[in-house]
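Undergrad:
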Amino acid sequence: MGSQQLMIIVLVVFVVGLSIVTGIRLVASFNQSNERDMILVQMQTVVGEAKKYYAKPKSIGGGEGSFVGFEPPARFTSTDRIRLYMTIGNDWILFQGFGNVVGWDGVTTVQLVAQYDQPLQDWSSITPVN
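Read in my numbering, the sequence shown has 33 at position 31, and its numbers run on one by one without any break.
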């Protein structure tokens, strides 16, 4: 084999290796983004349940204008892929959500922190942590 052929083989191996590494990184990035979206969707589901509680009178098991006392069903806060933790105030809910996919730092799982404010009827903050 000539030196040109060896050089071509080395170049092809390098390009293929680089393509594989790039593909793996793209898939990992997609998985992280997808996991964050899944966490946010789960938070939205819990907010929907909390809004129902907020609107109901206390006489039928609601909060009568307050989130205090709201307990979401466990199926919403813990799934096979997502765990949600909440701190509840009178008219706000602070969420901390964890996924199963390893995040940006390569060590800990994807994490998202978000706060829902009833006066705004929207999210006041959504912050990806990892």
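By construction, the Cβ of each residue, glycine as well, lies at the ideal position given by its N, Cα and C atoms.
The structure displayed is predicted, hence computed values, not measured ones.
Name the two residues that bound the continuous beta strand (DSSP E) containing I95.
TA: If you number the sequence shown from 1, residue 95 lands on position 93. Segment 94 to 104, the beta strand (DSSP E) holding I95.
Undergrad: T129: buried (16+ other C-beta within 10 angstroms of its C-beta) or exposed?
TA: The residue you call residue 129 lines up with position 127 of the sequence shown. Exposed.
Undergrad: So, at 8 angstroms on beta carbons, what are the nonlocal neighbours of M40 in its own chain, with the 5 sequence-adjacent residues on each side left out?
TA: On the sequence shown, position 38 is the one that residue 40 refers to. Answer for M40: R83, I84, G101, listed in chain order.
Undergrad: Y87: buried (16+ other C-beta within 10 angstroms of its C-beta) or exposed?
TA: Reading the sequence shown from its first residue, position 85 is the one you call residue 87. The residue in question, Y87, is exposed, as its Cβ has fewer than 16 Cβ neighbours within 10 Å.
Undergrad: Can you give the Cα-Cα distance for P74 and V48, rounded to whole angstroms?
TA: Residue 74 sits at position 72 when you count from the first residue of the sequence shown. Residue 48 sits at position 46 when you count from the first residue of the sequence shown. Computed Cα separation, rounded: 7 angstroms.
Undergrad: Does DSSP classify D39 as helix, strand or coil?
TA: For the purposes of this step, residue 39 is identified with residue 37 of the sequence shown, where counting begins at 1. Of the three classes helix, strand and coil, the one that applies to D39 here is helix, per DSSP.
Undergrad: Counting C-beta neighbours from all protein chains within 10 Å, is the total for G105 16 or more, i.e. buried, or is it exposed?
TA: On the sequence shown, position 103 is the one that residue 105 refers to. Buried, since its Cβ has 16 or more Cβ neighbours within 10 Å.
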